Each structure stands twice: as C-alpha cells, then as structure tokens.
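Residues in the sequence shown are numbered consecutively from 1, following UniProt numbering.
Idealized CB from N, CA, C, for every residue including glycine.
In this text, all values refer to a predicted model and were calculated from it rather than measured experimentally.
Here's the structure we're looking at; comments come further down.
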Amino acid sequence: MMENFYLDGGYTVVYVTKDWNGQNEATAVWFGNNHPLNISRRATQGPAADVQACTEAVQIAYRNDITKLMIKTDISYVYNAMTAWIHKWRENGWQTVNETYVRDRRDFQILDHNCELLGEVVWKLIGIEEEDAKCCLKAKLFARQSLP
Numbered sequence: 001m002m003e004n005f006y007l008d009g010g011y012t013v014v015y016v017t018k019d020w021n022g023q024n025e026a027t028a029v030w031f032g033n034n035h036p037l038n039i040s041r042r043a044t045q046g047p048a049a050d051v052q053a054c055t056e057a058v059q060i061a062y063r064n065d066i067t068k069l070m071i072k073t074d075i076s077y078v079y080n081a082m083t084a085w086i087h088k089w090r091e092n093g094w095q096t097v098n099e100t101y102v103r104d105r106r107d108f109q110i111l112d113h114n115c116e117l118l119g120e121v122v123w124k125l126i127g128i129e130e131e132d133a134k135c136c137l138k139a140k141l142f143a144r145q146s147l148p
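Structure follows, in structure tokens:
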C-alpha cells in the first residue's frame with residue numbers, strides 16, 4: 001500500500017502534530033490529504049499523548065509494510081527525546097542525568113521498541129518557515145476535528 005504517500009529520500013513521510021483550542025488538545029497522525037491511514041484523537045495526557053501519537057504512526061507504518069519512515073513533527077519534546085536524549089536514557093536505565101526516571105518513560109520505551117521493530121525511523125523537526133509547515137498545518141487542522 002505504498003500509493004499516495006509523501007516520500008523524502010526513499011522514506012515514507014508522516015506528520016505528527018498536536019493542536020489546542022484553549023481548553024482541549026488533540027493529536028494527529030497525518031500521511032496526506034484524505035489519506036485512509038490518517039488519525040486524530042482528543043488528547044488527555046499532555047506530553048504523553050504526543051509520544052503515543054508517534055507510536056501510533058510507527059505502528060500504522062509497520063502494519064502497512066513500510067520499513068523506512070520519516071516522522072516530521074513540530075513537537076520538539078518528542079523530537080529531542082528521540083534524536084538526542086534516548087541514547088543516554090537507555091544507558092542510564094531510563095533515568096535522566098539528574099538520576100530521576102524519565103518522564104513518560106513507559107511511553108518512550110514503547111515508542112523505542114516499535115521503532116526498532118519497524119526498521120528505519122528518522123526524525124525531522126519542522127520549523128515554521130519550512131515548506132513542510134504547510135503539511136503540518138493541514139495535520140493540525142485534521143487534529144482540530146477531534147476537538148469539541
């Protein structure tokens with residue numbers, strides 16, 4: 001099912017973002033306009049919901065035989081965790097440099113495991129001025145549909 005996906009350097013692209021209406025938050029996993037694999041959910045757990053949305057993106061890719069996934073996101077917390085901090089967390093038994101357990105560590109462990117199962121997962125942080133920001137905005141609008 002590789003049709004109708006955005007591709008970047010041989011990677012299937014998925015946008016993961018969140019939106020907030022002042023009272024409620026929602027997350028979106030967005031593969032493209034009207035794509036059947038797109039999902040949006042109302043979020044109730046703050047940052048953990050962001051991690052869980054990324055896990056859903058990886059799981060969807062896995063179920064659809066995608067082995068090279070690029071997650072483009074504007075959620076810097078998850079991006080930084082998965083590109084910089086996670087390596088130390090694993091070495092330190094999922095503790096921070098301050099010797100406290102990683103916030104949302106169980107969610108990050110699940111995301112990390114799913115990334116390993118998939119094969120290749122790369123991360124890109126989307127800046128507001130980039131061309132990818134247009135797709136991210138579409139994903140935010142999709143997330144907003146889950147809000148009351």
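DSSP bridge partner residues for residue i (one or two, in chain order)
i: L125; result: T73
i: I39; result: V29
i: T17; result: A28
Nearest neighbour of residue i, chosen from the options [CA to CA]
i: residue 149; options: C135, Y62, V122 and G22; result: This structure gives no information on residue 149, because the portion of the chain shown stretches from 1 to 148.
i: residue 154; options: N21, S76 and F31; result: Lying before the first or after the last residue shown, residue 154 is absent from the chain, which here runs from 1 to 148.
i: L7; options: I71, Q109 and F108; result: I71
i: I110; options: A49, N38, V14 and G9; result: A49
Burial state of residue i, where buried means 16 or more other Cβ atoms lie within 10 Å
i: E91; result: exposed
i: A139; result: buried
i: L117; result: exposed
i: K134; result: exposed
Limits of the alpha helix (DSSP H) - the one that residue i falls within
i: Y101; result: Here Y101 belongs to no alpha helix (DSSP H), and DSSP marks it neither H nor E.
i: W89; result: I86 to E91
i: I60; result: P47 to R63
i: A81; result: It is not in any alpha helix (DSSP H) - A81 carries neither H nor E in the DSSP assignment.
Contact under 8 angstroms by Cβ, residue i with residue j
i: T12; j: I66; result: yes
i: E120; j: K88; result: no
i: R41; j: T55; result: no
i: T44; j: A143; result: no
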